[in-house]
Amino acid sequence: MTDHRPLLSRRSFAGLVALAPLFAASGAVAAPASLRGSVSYRERIALPPGATVTVRLIDVSLADAPSQTIAETTIRPRGQVPVPFVLRYDDRDIRGRRSYALSAEIRDRDRLLFTTTRRYSVLTGGRDDTDLVLERVGAGPGRPEPEAGIDGRWLVQEIRGERIRGRRQATLEITREGRVSGNAGCNGIGGEVKISRNRVDFGRMISTQMACAPDIMRQERQFIEALEGARSFRLEPRRGTLELIDGRGRPAMRLRRA
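Sequence positions in the sequence shown follow mature numbering (1 follows the signal peptide of the UniProt record, and there is no 0) and run -30 to -1, 1 to 228.
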């Protein structure tokens, strides 16, 4: 009786050789990467119970456009600062000629307590700067706490009752210093806002001048007009929603916290 086991072994070996390029190609698929570091602040005060720490990897390549979030993680610290973090991201999202940084904030529910105020460059800027030292919001003599907590990054849901169009998410960012940036689908916008209680004054907005699809251009005009026409706001902290109201008491824009 003929023993076919050596023949099968040779066939199996040939099959493995044929599949080797496929294994090599699959090995080229990028695996998730990570950044490790810590979040701290200089003040000798304890974190309140229930505080959260959020760390984001952002694309800061364009000075006249809002930063784009590549990855983020939110931590509920078990102790006090420094709070260690591991931020995972897909390295296929990283481009060699672009600039990236880490940002972080500490919140007590919807109240911003600490935030980064300088750039912490990573990935393409040489040594990774991952030990983040945050500044206290409202710290310093004569420096008030942020009004009503509308600072932060918002996702635009509606403008004048119309749902947002386009593939790119429309955003609005408000800093505690009153700087404003955003994007309504194509061009970036920027400006300043004055906040007093529930009153707002965005002033005149500026924008980049790229040519876009007609419907997106119309949306951008509405976006800017809604901001410039806003006179007050309605904030729902538990729901994470913000509504900008015009001078006639009509909703100009609806947003939710990112």
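In this text, a Cβ means the ideal position worked out from N, Cα and C, and glycines have one as well.
Residue i - partner residues in DSSP beta bridges
i: residue 23; result: 45 and 76
i: residue 3; result: 59
i: residue 144; result: 122 and 150
i: residue 81; result: 78
i: residue 39; result: 28
Contact check, residue i vs residue j, beta carbons under 9 Å
i: residue 227; j: residue 124; result: yes
i: residue 71; j: residue 24; result: no
i: residue 81; j: residue 119; result: yes
i: residue 131; j: residue 32; result: no
i: residue 101; j: residue 92; result: no
i: residue 156; j: residue 198; result: no
i: residue 205; j: residue 142; result: no
i: residue 79; j: residue 107; result: no
i: residue 2; j: residue 60; result: yes
i: residue 50; j: residue 27; result: no
i: residue 94; j: residue 67; result: yes
Cα-Cα separation between residue i and residue j, rounded to whole angstroms
i: residue 10; j: residue 163; result: 29 Å
i: residue 62; j: residue 38; result: 15 Å
i: residue 52; j: residue 8; result: 6 Å
i: residue 105; j: residue 133; result: 36 Å
i: residue 56; j: residue 218; result: 47 Å
i: residue 12; j: residue 182; result: 46 Å
i: residue 216; j: residue 150; result: 18 Å
i: residue 137; j: residue 194; result: 19 Å
i: residue 153; j: residue 179; result: 12 Å
i: residue 201; j: residue 129; result: 15 Å
i: residue 14; j: residue 69; result: 33 Å
i: residue 214; j: residue 222; result: 5 Å
i: residue 212; j: residue 88; result: 27 Å
i: residue 21; j: residue 86; result: 16 Å
Beta-carbon separation (whole angstroms), residue i vs residue j, contact threshold 8 Å
i: residue 135; j: residue 186; result: 7 Å
i: residue 144; j: residue 161; result: Residue 144 to residue 161, Cβ: 10 Å. No contact.
i: residue 40; j: residue 29; result: 6 Å
Ordered list of alpha helix (DSSP H) runs contained in the region 143 to 223, each at least 4 residues = Taking 4 residues as the minimum length, the alpha helix (DSSP H) runs contained wholly in the region 143 to 223 are 184 to 199, in order along the chain.
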